[in-house]
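All residue numbers for the sequence shown refer to this note's numbering, where the first residue is 30 and numbers rise by one.
Heads up, the beta-carbon is just placed ideally off N, CA and C, and yes, glycines get one too.
Data block below; observations after.
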Amino acid sequence: MAGAYDAIILGAGHNGLILQAYLCRAGLKVLALERKPVAGGGLSTLEDPRHPGFLHNTHAFFLRTITAMPWYRDLELERHGAQLIEPELNVVLLTRDGRALEWWTDFQQTFDSFADFSRRDAEALRRWHDEFVPIVEDVLRPEAQSPPLPPDERRAVLERSAAGRRLLAVSELSPLEFVEREFEHPTIKAGLLFFNGLREVDLRVRGFGHHIPALLASPAKAQMSRGGSAALARGLEAAVREAGGEIRTMVTPQRLLVENGHVVGIETSDGEAIRARQLVASSLNPHQTFLELLDSAFLPPLLRDKAAAFVYNLVAPLFALNLNLKEPPRYKAAERHPEFDRAFMVIMGLDHVDQFPDMIRHHEQGTIPPTIMWGACPTQFDASQAPPGRHTAFMWEKAPYRLGGHAANWDAARDEHGRMLLQLWQAHAPNLRDAVIDAFTRSPLDVERSLPNMREGDLLVGAFERGQVGYHRPFPGAGFYRAHLPGLYLCGSSSHPGGNITGLPGYNAAQVILSDLGIASDWMPPPIAARLGSL
Ligand SMILES: Cc1cc2nc3c(=O)[nH]c(=O)nc-3n(C[C@H](O)[C@H](O)[C@H](O)COP(=O)(O)OP(=O)(O)OC[C@H]3O[C@@H](n4cnc5c(N)ncnc54)[C@H](O)[C@@H]3O)c2cc1C
C-alpha cells in the first residue's frame with residue numbers, strides 16, 4: 030500500500046484542482062489522480078503536431094469573468110502566472126442581412142446596439158438589467174458560490190425578501206416564455222436565448238425564466254486566458270504544488286476501497302492501493318463514481334437506479350472546426366462596422382427564435398441542424414497562440430452526439446462536415462478562401478474520448494432537468510457534495526452549480542469538506558441561509 034494521504038481527488042480538471050488547493054492550504058496532504066498526461070481537463074491547449082507554434086483550445090475557451098471568482102483571488106492565480114483578457118466588443122451576432130447585434134463590456138454601447146434593432150427592446154434591456162443587478166449580487170451569485178439549500182428551505186427563505194419573491198416569480202417561466210413576453214425583435218430574442226437558455230438549460234423548461242434577466246444584469250463577460258486556456262490550469266497546478274499538493278497523471282482509478290462502511294482509498298488500474306485517511310472526492314460523473322468505481326455491495330439499489338438514471342444534456346455536445354491561418358478572418362460586415370475586426374465571440378447563422386425548436390428536434394433525431402456557429406480568432410488578442418504573423422481561429426456548432434443513431438458515425442462524417450462549415454464561414458469572411466494553412470475537426474465523440482466524464486459529449490456533465498439542479502444535483506442522496514458513504518464526496522460539474530469553467534463545484538465542495546472536518550477557514554463565505562435571510 031502506497032504512503033497514506035489525508036485526501037485523494039479523482040480527476041485533475043479545474044474543479045478537482047481548486048478543491049485540492051483549498052484542502053492543501055488547510056494543512057491536508059492531498060493527492061489528485063488524473064488519467065491524462067496533463068492536468069486541467071477542459072482547460073486544455075494543444076499545439077498542432079503538424080504545425081509547431083499553432084495552439085488550439087480544444088475544450089473551453091470563453092471563460093466567464095474568471096477574474097471575479099473567489100478562488101481566483103484566494104489562490105492568487107495572477108501570482109501563479111494566470112492572465113485573463115476581456116475584449117470590449119465581447120460578442121457580435123451577425124445576421125444574414127449583414128446587420129449585427131453587439132454586446133459590449135460597456136452597458137450603454139450594448140443598449141445602443143439593441144436600440145438599432147428595437148427601441149422597445151433596448152428599454153426592456155435597461156429595465157431588466159436595473160431590476161436584476163441587486164438580485165444577481167445579493168441572491169444568485171452568493172447561491173452559486175455556496176453549498177445549496179434544500180429546495181423547501183430555499184423557497185421559504187427567498188419568500189421573506191422582495192428580491193427573493195421577485196426571483197421566484199420570474200423563475201416560474203421558461204426562458205422561452207420570458208423572452209417571448211418581454212422582447213419583440215426576432216434577432217434580439219434569438220441572441221438572448223442563445224446565451225442563457227440554450228447554453229445551459231432547455232429553453233422550454235419552466236423554473237429557469239430568471240436566467241435571461243440574470244444574464245442581462247450580470248457583469249460577467251467572456252474572457253480568455255493569455256497563452257491558452259491551459260495557462261489557467263498551469264496556474265492552478267502551481268497553486269496546488271506550492272501548498273504541498275501532489276498530482277499524479279496517467280493514473281486511472283479502478284475501485285473505491287471501502288472498509289467498515291467508510292471509503293478509505295482507491296485502487297488504480299495498475300493494482301496499486303492508495304489510502305486516504307479522511308476522504309476521496311470525485312470530480313467524475315455519477316456513472317463513473319457510483320456505477321464503475323463503487324462495488325455494487327456498497328450501493329443501495331435505490332441509489333444505483335438514481336445514478337443510472339442521471340441524464341446528460343441533449344443539446345450541449347459541440348462540433349469544432351479549428352484553423353491555422355495566414356491572417357485573421359475579415360468579415361464582410363466589417364465594411365459597414367469596422368469595429369467587427371476586434372470582435373471577440375462571433376455568432377453566425379442565428380436570426381430567429383424559431384430556429385431553437387428546430388435544433389432540438391434535430392438533436393432528438395440524430396441529424397445535424399441547420400448551422401448556427403460561433404467562435405473566435407484568439408490570436409487577435411493574444412499573439413502568443415500562433416507563430417509570428419500567423420493566426421488561429423475556430424468555430425463551434427451544436428451537433429447531436431448520436432449522429433444517425435450512433436456516435437461512431439462521426440468518425441466517417443467529421444471531415445466532410447468540417448468542409449461544409451468552412452464554406453459557410455467563408456461566406457461571411459471571404460478571405461478565408463486563401464488564408465487557411467490547415468484545419469482539423471473535433472466531434473462530440475472526440476470530446477467524450479478525450480474527457481470520458483463528459484459522457485455523450487455533454488460538456489456540462491449533466492442536464493439541468495429532472496431535478497438535477499441545486500441541492501439535489503446530481504440526484505437526491507448524493508447532493509450537497511456528499512455521497513451516501515462516509516468519506517466519499519463529489520466535486521465536479523455534476524454537482525451544484527454545474528458545468529463550464531466556474532470552479533464553483535470545487536470551491537463549494539471545499540466549504541462542505543472542511544466544515545465536516547471541523548477545520549475553520551477564513552476564506553469561507555457566511556452560510557447562504559444567513560445571507561439570504563438578512564435581505
Ligand atoms: C468543445 C468544448 C468547448 C467548451 N467551451 C467552454 C467555454 O467556452 N467556456 C466554458 O466555461 N466551458 C466550456 N466547456 C465546458 C468545460 O470545459 C467543462 O464544463 C469543464 O471543463 C468541467 O470542469 P470539471 O473540472 O468539472 O471537469 P473536467 O474539466 O472535464 O475535468 C475532469 C478531469 O477528470 C479526468 N478524468 C475523467 N475520467 C477520469 C478517470 N476515469 N480517471 C481519472 N481521471 C479522469 C479528465 O481527464 C479531466 O482532467 C467546453 C467544453 C468542450 C468539450
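Cβ distance (whole Å) where G521 is taken to contact N44 below 8 Å: 5 Å between Cβ atoms; contact.
Option in G238, L285, E266 and V287 with minimal Cα separation from R277: Looking at the Cα atoms, E266 is the closest of the given residues.
Quick check: does the Cβ of L488 come within less than 7 Å of any heavy atom belonging to ligand 1? Set against 7 Å, the gap from the CB of L488 to the closest heavy atom of ligand 1 is smaller.
Unbroken stretches of the beta strand (DSSP E), 3 residues or longer, contained in the region 109-173: Entirely contained in the region 109-173, the beta strand (DSSP E) runs reaching 3 residues are, in chain order, 118-123 and 129-133.
The beta strand (DSSP E) enclosing Y518, as first and last residue numbers: Per DSSP, Y518 belongs to the beta strand (DSSP E) from L517 to L519.
Go to R560, then tell me how far its alpha helix (DSSP H) extends in each direction, as first and last residue. First-last of the alpha helix (DSSP H) with R560: I557 to G562.
Which word fits P248, buried or exposed, when buried means at least 16 other C-beta atoms lie within 10 angstroms of its C-beta? Flag for P248 reads exposed.
Should E209 be counted as a contact of ligand 1 given a C-beta to heavy atom distance under 7 Å? False, no ligand heavy atom lies under 7 Å from that Cβ.
For ligand 1, I want to know if L480 counts as a neighbour, meaning its beta carbon is within less than 7 Å of at least one of the ligand's heavy atoms. For L480, the CB falls within less than 7 Å of some heavy atom of ligand 1.
Specify the secondary structure class of Q455 as computed by DSSP and reduced to three states. Helix.
Same chain only: Cβ atoms within 6 Å of G256, ignoring 5 sequence neighbours per side: The beta carbon of G256 sits closer than 6 Å to those of S413, all from its chain and outside the five residues before and after it, given in chain order.
Inspect the CB distances between the region 192-211 and the region 235-246 and report whether three or more fall short of 8 Å. With a cut-off of 8 Å, the region 235-246 and the region 192-211 count as touching, because enough Cβ pairs lie within range.
Can you tell which of A549, V490, G499 and P481 has its C-alpha closest to the C-alpha of E63? Ranking the options by Cα distance to E63, first place goes to P481.
Please confirm if the region 338-348 is in contact with the region 458-466, defined as three or more CB-CB distances below 8 Å between the two stretches. By the criterion of at least three beta-carbon pairs nearer than 8 Å, the region 338-348 is not in contact with the region 458-466.
Where do the N-terminal and C-terminal ends of the alpha helix (DSSP H) with N86 fall, by residue? No alpha helix (DSSP H) holds N86; DSSP gives it neither H nor E.
Ligand 1 and L52: does any heavy atom of the ligand fall closer than 7 Å to the residue's C-beta? No.
Put K427 into one of helix, strand or coil per three-state DSSP. The answer is strand: DSSP assigns K427 an E or B state.
Does the region 87-97 come close enough to the region 300-308 that 3 or more CB-CB pairs lie under 8 Å? These segments do not touch.
Pull up the distance between the alpha-carbon of L354 and that of P416, whole angstroms please. Straight-line Cα distance between these residues: approximately 10 Å.
Does DSSP put W18 in a helix, in a strand, or in coil? Not covered by the structure: residue 18. The range shown for the chain is 30 to 564.
Using the beta-carbon count (16 or more within 10 Å), is P398 buried or exposed? A buried status is given to P398, since no fewer than 16 other beta-carbon atoms sit within 10 Å of its beta-carbon.
Taking a contact to mean a Cβ-Cβ separation below 8 Å, would you say L245 touches H158 in this structure? At the C-beta level, L245 and H158 come within 8 Å of one another.
Could you tell me which of G82, E117 and L52 sits nearest to H553, measuring between CA atoms? The sequence given here has Met at residue 553, not His. Closest option to M553, Cα to Cα, is L52.
Comparing C-alpha positions only, which one of L352, H366, D444 and K361 sits nearest to A405? Ranking L352, H366, D444 and K361 by Cα distance to A405 puts L352 first.
Quick one: grab the DSSP three-state call for R593. Residue coverage of the chain in this structure runs from 30 to 564, which leaves residue 593 outside it and unanswerable.
Three or more C-beta pairs below 8 Å linking the region 359-374 and the region 455-462: Contact holds: three or more Cβ-Cβ distances are below 8 Å.
For V287, the three-state DSSP class (helix, strand or coil): The DSSP-derived three-state label of V287 is strand.
V59 and A41 - do their beta-carbons sit closer together than 8 Å? The answer is no: Cβ separation not under 8 Å.
Since L154 and F140 are thought to touch, with beta carbons under 8 Å apart, how far apart are those beta carbons, to the nearest angstrom? About 6 Å separates the two Cβ atoms, so the contact holds.
Expected contact under 8 Å - CB spacing of G264 and G110 to nearest Å: Taking C-beta atoms under 8 Å as the contact rule, G264 and G110 qualify, at a distance of about 5 Å.
What do you reckon, is the C-beta of I542 under 7 Å from a heavy atom of ligand 1? Because no heavy atom of ligand 1 lies under 7 Å away, the Cβ of I542 does not count as near it: no.
Please determine if the region 479-494 and the region 380-395 are in contact, where contact requires at least 3 C-beta pairs separated by less than 8 Å. Contact between the region 479-494 and the region 380-395 is absent, because fewer than three Cβ pairs lie under 8 Å.
Residue range of the unbroken beta strand (DSSP E) whose run includes S544: Segment L533 to D545 is the alpha helix (DSSP H) holding S544; no beta strand (DSSP E) there.
Alpha-carbon to alpha-carbon, R560 and M279: C-alpha separation (whole angstroms): 42 Å.
Select from R390, T531 and L489 the residue whose C-alpha is nearest the C-alpha of T96. Of the listed residues, the one whose Cα sits closest to T96 is T531.
Under three-state DSSP, which class holds I376? DSSP places I376 in strand when its eight states are reduced to three.
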